[in-house]
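Each remark here refers to the structure printed beneath this line.
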Amino acid sequence: GETWAQINTGIDNDESYYQLYDLHLGGNGYLYLTGTYGYRTNEQVTEPCNEGFLEIGGDCYSEEDINVLQQFIDNSSETINMSMDENGNGVIEPLELGYIQQWNSDGRLVELDCGYPLFCGLSGEIPEDIGNMEFLESVRIYVNYLSGPIPESIGNLTNLSVLDLNNNWLSGTIPESICDIQPNLDVLSLDFNQLCPPYPECVEGNVGYQDTSQCVSTWHVSTSGSDSNNGSAESPFATIQHGIDVSSDGDSVLVSSGTYLENIDYNSKNIAVIGEDRESTIIDGNQSGSVVTFDSIVGSTAVLADFTITGGNAYDGGGIYCTSSAPTIRDNIITGNVSETYGGGISCNYSSAVIMNNTITSNSAYYGGGISFDRYTSSVIKGNNISGNSAEEGGGIGCFTFSSPSITNNTISGNSAGTNGGGVYCYYVSSPTVTNTIIWDNTASTDPNISVYSADPLFNYCDVQGNWEGEGNIDADPLFVSPDSGDFHLQSNSPCIDAGDPESPLDSDGTIADMGAYYFHQSPCDSGFVEIEGICFNSDDIAVLQEFIDNSYESGIDLDCEDWDDYCGSPNPYMDSPDAWFWNVVDGQEYYFADGDGIVEPLELGLQEWENGRLTSIMCGAYIYCQLSGPIPENINELTEIEQLRLEYNYFSDYIPEEICDLDVNYGDYLSFDITGNYLCPPYPECIEDYVGYQDTTNCFPIFTIDFQIDWNLVGLPLVVEDASYTILFPESIEGTLYSFNDGYISETYLDQGEGYWLRFDNAGSSTITGVPINELTISLNEGWNLISGISFPVDVNAIYDPNQLIIPGTVYGFGFGYTTAETIEPGYGYWLRSVGEGEVFLSSGPSLVDQTTSDCEFQYPDPSLNLEVNGNTMALTMIHPELNCCLEPVWDGWLDGTVFHVTMTDVGDPCDCVCSFELSASYAPFPPGTYTLDFWPELFGNPVFIIPGRESGKGFSIPPRLASANSMTFNGQTLYFGLEIPGEEQLSYSLPPKPPAGAFDVRFSGNWKYCEDSGVIEVMNDGSPLIMFDCNIKDGEVWELVPVIANGTEWSAAIPLSDQGQLTLDSEVNQWILRKSKSTIPTTFTLHPAYPNPFNPVTTISYAIPMVGTRHAAVSLQIYDIAGRLVETLVDGILEQGHHTVQWNASGFSSGVYFVRLEAGTFSQSQKLILLK
């Protein structure tokens, strides 16, 4: 109780106003102040805050809670709403944040509201420390700018009952920890973000709309999972196919060890399906078709890896069937598969697959027991062990019509063929290139190792038993370690060691390439390391350094060097000089590797530090003068141990590879990472976009990669380029095949902006185009069909500005392996579009205004009646009504209902040219992504729709709803509809563009329609490939039939009944079919219809009818007998329902001759003669 001190302090030097404090010590050990303020005495006793709490304004607040609020503020420095600054000091402080903050008596935050009516303008990520705010009961931060993931720590907020984060830019996956709090949540709102699936099962039905366009998801599959799960690691699917079905391009499906009895189809998706371990992760096709199917995948990022593929039994491609695709098939065991025709292990046609490091063994087929390549296939086959396979022709590999695979470093041994080519069979205009490959100990009745018929293969640097003409070929026992037990590694004295092409990449031990799938490691260093001057260095690290050097030499940069300047050049030639001061530190010891041979080598590059054979530091920046140029290597992510990467002030150009984000360096520390002062072009990888420093981007231009499929493509010009010749833009195209359209196809040499073109390619691939962006484009249309292309940015079909409503809805088409309805005009591709007349449409990359007004407002370009402008947090909308004699002034009514802004129209009473304008501003910015409707009262403007600039561009076009009720059939990926009526005013929406050039695939109803009513003639353009009908979908139990038209004659007896059914192969030589309703929908007698075609090779279609029998089911058998009366195959044996049925007999495994098909059901029996001609 004793007073220790008295403190008198004036305020603002005003002595008349004072504060007087008595400081004394209480018995409890606390200090107390007794204060006198101004002219009156006020006794106060204040206890200090407990540890972990802060005193603010006389109250105690949790330090953890205050820190989290401060992190929100710090993350939002550029977007924070300064109207919250109550004390006017120009800084938002934690207790000023939000519309509502509620704290309990213990100083803990229980409610934070940053939504209506005071939007805080928060941006950046939600702090991970939010999980420390354990007393929070309500968090409302909606319509802000939050980005990044929802933190895992959200699961710590067990008292939370309200979590509202809608209308932000949150991304990534929702953490599973949200399920720890979900049972307590009365309100959960996450709508209108960018959150990616799979979503935790507990919230799966509550995530609302999410923009998943930027999502790359990982789906998990396990034998212990369920397809009703959400596909996360904790809740995996049960089947691989379900993982594929829910995935999108760029996704991964990760499969745990186990056996999966299924046949999977990639569904034309560029996804990666990866097994846990190829020995224990097994896909068993259960003898019911190809185990894996790749069909019509545009692009080259599909992957199948680390599986055992077995149990396939198919007409084509027992293990893997690949058509019109370019997947990577690597690190698999492909064994025990059967094909009736091509490719027991793998069959590829019209494809550019990469097949690497697989073991392909014990498969069988008629052609190509291990692998078959056919019809314009240009695959890469490298590092595979192809052994123990069998076929009639081509036991190991079969190369057929117009195929040209690159076959490098494979072992082809122990395969067998009934007739030709136990190892490799090359047939009719095939031209494989075979290098560094061992072809040994194969068997066949003719040419056991290599057999060639009317083909032009190249075999170089191969070990071929019996020898073969070619550079570097040998004929010597390769000395496998133990081929009988499947070990095809080389013994140390193998003649195949260092016998490969000396121009091939070196083996991992740094020596000349060996022959065969498995190189022999010769270095004293461990595998993956190379010996240089008695020291072991990681070969991947050395390869990256070599890439830096090679790129610099190849860049051709002109540094204006003088003859006397030994330091001038890229890379700096002085680094190779024995007098150079550059050095390396290897395990703490200095080394000098410069040898003066005139070539800069990896260990001469800059200042380097190595530990345990791994590169940890390279300094090539300022004052080191490496003078590197060209692009930064894409394999830079191989530097997995790098801690310091200094590349500042060199001459690097081009784009920075995304792989740089894989490095484990501190990008924010300029002593660890620096690329300042180069010529690198945006956009920069997100991980370093804040750390690239100054870059000279004067010569930067956009780069587009345009993928194309084999044969015909629709292409366009996405950039302004110096030379628009198609031979420059698409060097792999076929000369003389560029065509534009103007009432007919016109041969062209150059591409123009806005025009679409047909262009043909021998193989699938891609072209890279560099130029100046096209941001907007005016396209002139003729009446009828127009072939157009777009700008340098994707444009939603509904965002095309069409002021005169020229475009007929539903008539924008792209081309894959047939015409497909387009939703987006993608850069670099051509599109068909049908117009009701002549006029112009407009494409733009800027704010898009989608005009959906149907009232009496007029719209004119370039001064539309709806004019949307955005300036910071203000949105202004100007509206012009041409008929009103007064101005209606919209007034903001103050609420947002979902995506509807409610506005009241007020009559100001004076004529004012009928120009009405208003602003939506203040608390309703920012506007979240999406399409919004202005709801006027009274409803004079018909509720026009507008789009928030820089966000989504309107609703996408989908199949017209009338087609949802139609019957449909799909041919080779192109769908036709039938059995529906279309009003006359809508019919043009269901028309198809002009037929593609000869050689492309197309199917349509005559008259260029994609639908018919009760009957129609189907016209087929085909290249002779099998015409396969998939997914025939017929409503209401109707029975339709297809009748072939041959030589202008209709084969009514060969009618094929249709109902809901799967795959059906039709005669590829028939180019017209009549589709009609069957005249007899319920059969009254058993009938075996004539097979069609007959004679045939090798497939014929057999149709038969089953009448009402007892309970509507009948025991039926359909069997094939040879001329001697022997049963050779059973096609049907079981209980069938009444109706019309169709089955196909594939006789590819049978010899030519006369056969009989017999239908038996009870006492009924009917036979028919079949003639197989090969």
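Take 842 as the starting number for the sequence shown in the working numbering and just add one per residue.
Note that beta-carbon positions come from the ideal geometry of N, C-alpha and C, so glycine has one too.
If you're wondering where the values come from, they're calculated on a predicted model, not measured in any experiment.
Of the residues the options, the one placed nearest residue i, counting alpha carbons only
{"i": "residue 1008", "options": "987, 1016, 1019, 1493", "result": "987"}
{"i": "residue 1041", "options": "1108, 1112, 1077", "result": "1077"}
{"i": "residue 1288", "options": "1305, 1863, 929, 1563", "result": "1305"}
{"i": "residue 1553", "options": "1565, 1534, 1570, 1579", "result": "1579"}
{"i": "residue 1293", "options": "1280, 1272, 1233, 1276", "result": "1272"}
{"i": "residue 1501", "options": "1491, 1518, 1530", "result": "1530"}
{"i": "residue 1983", "options": "2007, 1996, 1956, 1947", "result": "1947"}
{"i": "residue 1629", "options": "1610, 1608, 1595, 1603", "result": "1595"}
{"i": "residue 1384", "options": "1320, 1981, 1436, 1477", "result": "1477"}
{"i": "residue 1312", "options": "1955, 1302, 1463, 1318", "result": "1302"}
Where residue i sits in the DSSP three-state scheme
{"i": "residue 1084", "result": "helix"}
{"i": "residue 1530", "result": "coil"}
{"i": "residue 1506", "result": "coil"}
{"i": "residue 879", "result": "Only weak support exists for where residue 879 lies, its pLDDT of 37 falling under 50; the coordinates are left without a value."}
{"i": "residue 1960", "result": "strand"}
{"i": "residue 2009", "result": "strand"}
{"i": "residue 2004", "result": "coil"}
{"i": "residue 1581", "result": "strand"}
{"i": "residue 1614", "result": "strand"}
{"i": "residue 1910", "result": "coil"}
{"i": "residue 1965", "result": "coil"}
{"i": "residue 1769", "result": "Residue confidence is low: residue 1769 scores 41 on pLDDT, short of 50, so the model does not pin down where it sits. No coordinate-derived value is stated."}
{"i": "residue 1306", "result": "coil"}
{"i": "residue 1160", "result": "coil"}
{"i": "residue 1501", "result": "helix"}
{"i": "residue 1045", "result": "helix"}
{"i": "residue 1640", "result": "helix"}
{"i": "residue 1882", "result": "strand"}
Boundaries of the alpha helix (DSSP H) in which residue i is found, first to last residue
{"i": "residue 1382", "result": "1380-1396"}
{"i": "residue 913", "result": "904-916"}
{"i": "residue 1568", "result": "1567-1570"}
Span of the beta strand (DSSP E) around residue i
{"i": "residue 1454", "result": "Looking at the DSSP string, residue 1454 is not in any beta strand (DSSP E), and its letter there is neither H nor E."}
{"i": "residue 1432", "result": "1430-1432"}
{"i": "residue 1485", "result": "1485-1487"}
{"i": "residue 1898", "result": "1897-1899"}
{"i": "residue 1216", "result": "It is not in any beta strand (DSSP E) - residue 1216 carries neither H nor E in the DSSP assignment."}
{"i": "residue 1402", "result": "First-last for residue 1402: undefined, no H or E at that position."}
{"i": "residue 1151", "result": "1149-1151"}
{"i": "residue 944", "result": "941-944"}
{"i": "residue 1424", "result": "Element bounds for residue 1424: n/a, residue is neither H nor E."}
{"i": "residue 1296", "result": "Per DSSP, residue 1296 belongs to no beta strand (DSSP E) and is neither H nor E."}
{"i": "residue 979", "result": "979-981"}
{"i": "residue 1553", "result": "1552-1556"}
Those residues which DSSP pairs with residue i across a bridge
{"i": "residue 1036", "result": "1013"}
{"i": "residue 1674", "result": "1627"}
{"i": "residue 1655", "result": "1661"}
{"i": "residue 1808", "result": "1819"}
{"i": "residue 1544", "result": "1611"}
{"i": "residue 1072", "result": "According to DSSP, which records beta bridges pairwise, residue 1072 is partnered with nothing at all."}
{"i": "residue 1981", "result": "1946"}
Original post:
Would the stretch 1450-1466 and the stretch 1478-1488 be scored as touching if the rule is three or more Cβ pairs under 8 Å?
Top reply: yes
**OP:** Could you tell me whether the stretch 1636-1653 touches the stretch 1670-1687, using the rule of 3 or more Cβ pairs below 8 Å?
**Re:** yes
**OP:** Would you check if there are 3 or more beta carbon pairs closer than 8 Å linking the stretch 1054-1070 to the stretch 1097-1107?
**Re:** yes
Original post:
Taking one C-beta from the stretch 1102-1122 and one from the stretch 1080-1092 each time, how about it: are there three or more such pairs within less than 8 Å?
Top reply: Because the criterion of three Cβ pairs below 8 Å is met, the stretch 1102-1122 and the stretch 1080-1092 touch.
Original post:
Pairing CB atoms from the stretch 1179-1197 with CB atoms from the stretch 1210-1221, are three or more of them under 8 Å?
Top reply: yes
Original post:
With contact counted as at least three CB pairs below 8 Å, one residue from each stretch, are the stretch 1654-1661 and the stretch 1605-1619 in contact?
Top reply: no
**OP:** Tell me, please, whether the stretch 1195-1203 touches the stretch 1223-1232 by the rule of three or more beta-carbon pairs shorter than 8 Å.
**Re:** yes
**OP:** Evaluate the contact criterion for the stretch 945-962 versus the stretch 913-922: three or more CB pairs, one atom per stretch, below 8 Å.
**Re:** yes
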